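Numbering (our numbering), first residue to last: 652 to 990.
Cβ coordinates follow ideal geometry from the N, Cα and C atoms, glycine included.
Predicted model, so just to flag it, every value in this text is computed and none were measured.
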């Protein structure tokens, strides 16, 4: 049997915010006539993530750039609909990195293909968000990289995003005082009223440094940086001595078309004896089982709330991706490919 498939191709490297003309959706066909060791997977949900923008520059960062003229890749969750593998029978739920398409055939040597457990009360897409890469990024960055201790004071930028939202909630579980920044009053209200952040700044209303001065109190022990730029510069001024900064990302600069000036106050790192650590979550796979155990427990106990902004159909994948840089998502942005 053949299945009609669509996949998103990168036509050109975007200049500034990605536009529709940088991509193309191709119609293809996929067959269930499999070779030994192969499985046919129907994708249910695909992830769009800010790091993907760094792969659309034609230059290598910590991963190779996306090749032009080929289908994009990224995290996805799907079901096996035909199989030549005993360990992945039809109906298996799997996680992999062949998103941006409806169907694909995976060979036996695919190291990224992982069978997922079906956890009662949790829907499959949670493996792309709270129990997936964003959740583990928050967990590793806060607890290992920033060395969070109970009852500390924490500032997280991009707090309404997939990672930032979880950083704040984990910090609250640890008894910390949490300040977040976001880009709208609606998001700020959600973070305070629903997730329990102590203070939330709408950075679009006034300079971030001026607003942070009003809520920093005696300063922050930890800054979890998702935005970079003016947020990092402001945070440096309000860190406590011997504080920790987990440098996760700098989304404010991902679409820059010219060089961006760095913080003017880097001497604060020396004066305050700060530890500033950049990290990539894939370097910490040894913590995965611990993360899933803790995070799934917090979900069951109601200590962590999951929030998703859902787009429907692969035709909306580019819009979902672009929306990451326009502040259109609250929590994890996903594309539903089920229909």
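Residue i versus residue j - alpha carbon distance
i: residue 700; j: residue 918; result: 32 Å
i: residue 790; j: residue 673; result: 34 Å
i: residue 821; j: residue 871; result: 16 Å
i: residue 891; j: residue 925; result: 8 Å
i: residue 894; j: residue 772; result: 38 Å
i: residue 877; j: residue 687; result: 44 Å
i: residue 930; j: residue 922; result: 23 Å
i: residue 826; j: residue 936; result: 26 Å
i: residue 884; j: residue 915; result: 7 Å
i: residue 753; j: residue 656; result: 6 Å
i: residue 1037; j: residue 888; result: Any question about residue 1037 goes unanswered here, given that the chain covers just 652 to 990.
i: residue 911; j: residue 681; result: 44 Å
i: residue 711; j: residue 818; result: 28 Å
i: residue 795; j: residue 684; result: 46 Å
i: residue 978; j: residue 706; result: 20 Å
i: residue 956; j: residue 788; result: 16 Å
i: residue 844; j: residue 982; result: 15 Å
i: residue 762; j: residue 726; result: 13 Å
i: residue 984; j: residue 960; result: 5 Å
i: residue 846; j: residue 838; result: 11 Å
i: residue 840; j: residue 678; result: 42 Å
i: residue 813; j: residue 654; result: 32 Å
i: residue 741; j: residue 660; result: 28 Å
i: residue 793; j: residue 901; result: 16 Å
i: residue 774; j: residue 920; result: 43 Å
i: residue 863; j: residue 757; result: 49 Å
i: residue 759; j: residue 721; result: 22 Å
i: residue 670; j: residue 849; result: 37 Å
i: residue 856; j: residue 958; result: 24 Å
i: residue 873; j: residue 698; result: 28 Å
i: residue 854; j: residue 879; result: 13 Å
i: residue 652; j: residue 691; result: 11 Å
i: residue 804; j: residue 739; result: 45 Å
i: residue 898; j: residue 886; result: 12 Å
For residue i: DSSP bridge partner residues
i: residue 764; result: BP columns for residue 764 are empty, so no partner.
i: residue 988; result: Answer by DSSP bridge pairing: none, since residue 988 is not bridged.
i: residue 658; result: 677 and 752
i: residue 722; result: 660
i: residue 653; result: 682
i: residue 963; result: 987
i: residue 696; result: 728 and 987
i: residue 995; result: Not covered by the structure: residue 995. The range shown for the chain is 652 to 990.
i: residue 868; result: DSSP, once it has assigned bridges, lists no residue as partnering residue 868.
i: residue 982; result: 812
Supposed contact pair residue j and residue i - C-beta distance, whole angstroms, cut 8 Å
i: residue 986; j: residue 696; result: 7 Å
i: residue 728; j: residue 776; result: 6 Å
i: residue 676; j: residue 965; result: 7 Å
i: residue 703; j: residue 875; result: Wrong, their Cβ atoms sit about 21 Å apart, outside the cutoff.
i: residue 976; j: residue 970; result: The Cβ separation is near 12 Å, so there is no contact.
i: residue 693; j: residue 736; result: Incorrect: roughly 16 Å between the Cβ atoms, too far for contact.
i: residue 778; j: residue 968; result: Actually they are not in contact, since the Cβ atoms of residue 778 and residue 968 sit about 18 Å apart, beyond 8 Å.
i: residue 896; j: residue 881; result: With 8 Å as the limit, residue 896 and residue 881 do not qualify as a contact, their Cβ atoms being about 15 Å apart.
i: residue 743; j: residue 766; result: 5 Å
i: residue 723; j: residue 662; result: Not confirmed; about 11 Å, so no contact.
Runs of beta strand (DSSP E) wholly within the stretch 871-958 (minimum 3 residues, chain order): 871-876, 890-898 and 926-929
Is it the case that the stretch 799-819 contacts the stretch 828-839, given that we only count it when at least three CB pairs across the two stretches are under 8 Å? Between the stretch 828-839 and the stretch 799-819 there are three or more inter-stretch CB-CB distances shorter than 8 Å, so the stretches are counted as touching.
Do three or more CB pairs link the stretch 700-715 to the stretch 737-747 at distances below 8 Å? Here the stretch 700-715 does not lie against the stretch 737-747, with fewer than 3 beta-carbon pairs under 8 Å apart.
Check whether the stretch 936-946 and the stretch 776-788 are in contact - that is, three or more C-beta pairs closer than 8 Å. yes
Any 3 or more C-beta pairs closer than 8 Å across the stretch 663-682 and the stretch 895-913: Flag = yes, the stretch 663-682 and the stretch 895-913 touch.
Do the stretch 794-805 and the stretch 951-966 meet, that is, are 3 or more Cβ pairs less than 8 Å apart? no
Would you mind listing the beta strand (DSSP E) stretches within the stretch 737-816 that are 3+ residues and don't spill past its ends, in chain order? 744-747, 754-757 and 804-807
Contained beta strand (DSSP E) runs [length at least 3] in the stretch 814-862, N- to C-terminal order: 828-833 and 850-853
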